[in-house]
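> Before I ask anything, here is the structure I am working with.
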Amino acid sequence: IHLWKNNIKVIPLNFFDGAGELMEISLWGNHIKSLHRNTFSRLYNLQRLDLDHNRIAQLSADHFRHLTNLDALHLGHNRLHSLFGDTFVPLKRLRVLSLDHNSINQPTKDIFSPLKKLNHLFLQHNQLANSLWAIHLSGLQSLLTLDLSANRISELPEGVFSLTPSLRQLRLDGNFLSKVQNSLFPPETRLLALSLLNNPLECVC
């Protein structure tokens, strides 16, 4: 079901009752500020949930506790600042998570660690800054794509990408990086593409 740009501000509590067979919901481009903890409680078969381009400022595990079959969750272009430690715990099968274009600056440590099957994580255009984001990558053994562009990152901590051994594509465009050490990528790294556009990189040749 696609409900794009319908000027929806509030989702009625029982709106999805009787829709338990739905596999995809898109609420892209509305004006939703918050979600009731039971909004998606009966959608056991849901695989894709798109909440991009809304005004959501806060999330918790209660919002997703019944979405155990969810494969893709899109929360880009909202107003998220913080992410609490249990937010994504119910989403054991999630493979795609988009949190781009928010104002996230204080994610709880290991916020993504329950997402053992996550393949693609999009965090571009947030406020993760410096090295604080590094500790939140632990547990992402299946991660293939990571986008950290435009996050004001000025340094990459030693060993940070040893936490993501399956990583194939890494985007760090538009940050404040002046150098990238070879030692950041351990020998077992499977990285195929690294993008560092628009960083003040210093030549060490």
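If you're matching positions, the sequence shown starts at 848 in the numbering used here and goes up one per residue. All C-beta atoms in this analysis are idealised placements derived from N, C-alpha and C, irrespective of residue type, glycine included.
(1) In whole angstroms, what separates the C-alpha of N1022 from that of A1040?
(2) Could you pull out every residue in the same chain whose Cβ sits closer than 8 Å to the Cβ of Q894, ignoring the five residues on either side in sequence?
(3) What's the call for D994, buried or exposed, on a 16-neighbour Cβ count within 10 Å?
(4) Let me check understanding here. Comparing Cα to Cα, which of R912, K856, S960 and S873 lies closest to L850?
(5) What residue does the beta strand (DSSP E) around I872 start on, and which one ends it?
(6) Could you tell me the distance, in whole angstroms, from the CA atom of E1035 to the CA atom of L946?
(7) In or out: H878 buried (at least 16 other Cβ within 10 Å) or exposed?
(8) Compare the C-alpha of L944 against each of N1046, L882 and N966 and name the closest.
(9) So the candidates are W875, N949 and L975; which of them puts its Cα closest to the Cα of N998?
So, to answer that:
(1) CA-to-CA, the gap between N1022 and A1040 works out to about 17 Å.
(2) Excluding sequence neighbours, Q894 sits near M870, E871, N916, L917, D918 and A919.
(3) Under this definition D994 is a buried residue.
(4) Taking each of R912, K856, S960 and S873 in turn and checking the Cα distance to L850, the smallest one comes out for S873.
(5) It spans E871 to S873 - the beta strand (DSSP E) in which I872 sits, taken as one unbroken run.
(6) If you draw a straight line from the Cα of E1035 to the Cα of L946, it comes to about 28 Å.
(7) Result: exposed.
(8) Taking each of N1046, L882 and N966 in turn and checking the Cα distance to L944, the smallest one comes out for N966.
(9) That would be L975, whose Cα lies nearest to the Cα of N998.
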